[in-house]
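Step one of this worksheet: look at the structure below.
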Amino acid sequence: MDKISVVIITLNEERNIARCLKSVRILADEVIVVDSLSNDATKQIAESLGAKVIEQAFLGHIEQKNFAKNQASNDWILSLDADESLSIELQESILEAKKSGLKGGYSMNRLTNYCGKWIRHSGWYPDIKLRLFQKNDGEWTGVNPHDRYELSSDSVITHLQGDLEHFSFYSMDEHREQIEKFSDISSKAKFEKGIRSNWFKVMLKPVAKFLKSFFIKQGFRDGYYGWIIATYSAYATYLKYSKLLQIQRST
């Protein structure tokens, strides 16, 4: 039977890491936590639950995940974020695939919990993620802080049943703080990739983002939080392109 290494990157995740680790106990042959020098109890909790903790200063979301997968001793990698956990159905799906013989890559639906509510619209679900793959078949890519895994082969990707449960934000204040932080990272990464902004993008892209999230992706069906998500998504888009424009003007 193929062995699976569960790989997780962390930074101050003491309120999430135990839930994540407990959800993979039934299927993990190895658990690697690459910690970005947390100053809370993340490391201690992870070690108490049997994980091997490797400390590594943060390299960037994409770079850190590529570093982390290369620390695994097994060929198959299940890559998770600390604020994610496997539903019972997803655990069973992975176990069934493992017993049958793993091949290609495996994707799964990610279901996000926002301030205590499961979000099933707003463009946030099913949010399909490729998270189970062979270590030497592909790499993490994308534009920081938004990463995605790309296989280097033409392997078939099988979609698993069950949800990858994502406990994103416990409060709207947390969401706003992340928007500020990620817009800095994203604008710089876009500039380095040659992407440019202008006033047309600054003014119109946020409007388009709101309309897409709330109406086209039916965020209104998520109620109050659907409205908040659409509004914050528009705000994040505005910050990203306005900061990119500022970078352009300062160089």
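If you're matching positions, the sequence shown starts at 781 in the numbering used here and goes up one per residue.
The C-beta atom is built at its ideal place from N, Cα and C for all residues, glycine as well.
For the alpha helix (DSSP H) containing residue i, name the first residue and the last one.
{"i": "residue 943", "result": "Run containing residue 943: none in the alpha helix (DSSP H); it sits in the beta strand (DSSP E), 937–949."}
{"i": "residue 846", "result": "841–849"}
{"i": "residue 795", "result": "Neither: residue 795 is in no alpha helix (DSSP H) and is coded neither H nor E."}
{"i": "residue 983", "result": "979–991"}
{"i": "residue 952", "result": "952–972"}
Between residue i and residue j, how many whole angstroms is the CB-CB distance? I'm expecting something under 8 Å.
{"i": "residue 890", "j": "residue 907", "result": "4 Å"}
{"i": "residue 858", "j": "residue 784", "result": "5 Å"}
{"i": "residue 887", "j": "residue 940", "result": "7 Å"}
{"i": "residue 920", "j": "residue 975", "result": "Actually they are not in contact, since the Cβ atoms of residue 920 and residue 975 sit about 19 Å apart, beyond 8 Å."}
{"i": "residue 812", "j": "residue 852", "result": "6 Å"}
{"i": "residue 792", "j": "residue 820", "result": "5 Å"}
{"i": "residue 1027", "j": "residue 968", "result": "7 Å"}
Less than 8 Å between the C-beta atoms of residue i and residue j, yes or no?
{"i": "residue 912", "j": "residue 782", "result": "no"}
{"i": "residue 945", "j": "residue 865", "result": "yes"}
{"i": "residue 848", "j": "residue 804", "result": "no"}
{"i": "residue 986", "j": "residue 962", "result": "no"}
{"i": "residue 929", "j": "residue 942", "result": "no"}
{"i": "residue 993", "j": "residue 903", "result": "yes"}
{"i": "residue 909", "j": "residue 966", "result": "no"}
{"i": "residue 806", "j": "residue 871", "result": "yes"}
{"i": "residue 905", "j": "residue 959", "result": "no"}
Starting from residue i, trace the beta strand (DSSP E) both ways and give me its first and last residue.
{"i": "residue 889", "result": "885–894"}
{"i": "residue 806", "result": "Premise fails: residue 806 is in no beta strand (DSSP E) and is neither H nor E."}
{"i": "residue 861", "result": "856–861"}
{"i": "residue 914", "result": "908–914"}
{"i": "residue 898", "result": "897–899"}
{"i": "residue 832", "result": "832–835"}
Should residue i be labelled buried (16 or more other beta-carbon atoms within 10 Å of its own) or exposed?
{"i": "residue 1009", "result": "buried"}
{"i": "residue 1017", "result": "buried"}
{"i": "residue 949", "result": "buried"}
With DSSP as the reference, please indicate the residues paired to residue i in a beta bridge.
{"i": "residue 881", "result": "DSSP, once it has assigned bridges, lists no residue as partnering residue 881."}
{"i": "residue 811", "result": "786"}
{"i": "residue 875", "result": "According to DSSP, which records beta bridges pairwise, residue 875 is partnered with nothing at all."}
{"i": "residue 922", "result": "927"}
{"i": "residue 865", "result": "945"}
8 Å is my cut-off, CB to CB: does residue i come that close to chain B?
{"i": "residue 987", "result": "Looking at the structure shown, chain B is missing, and only one protein chain is on hand."}
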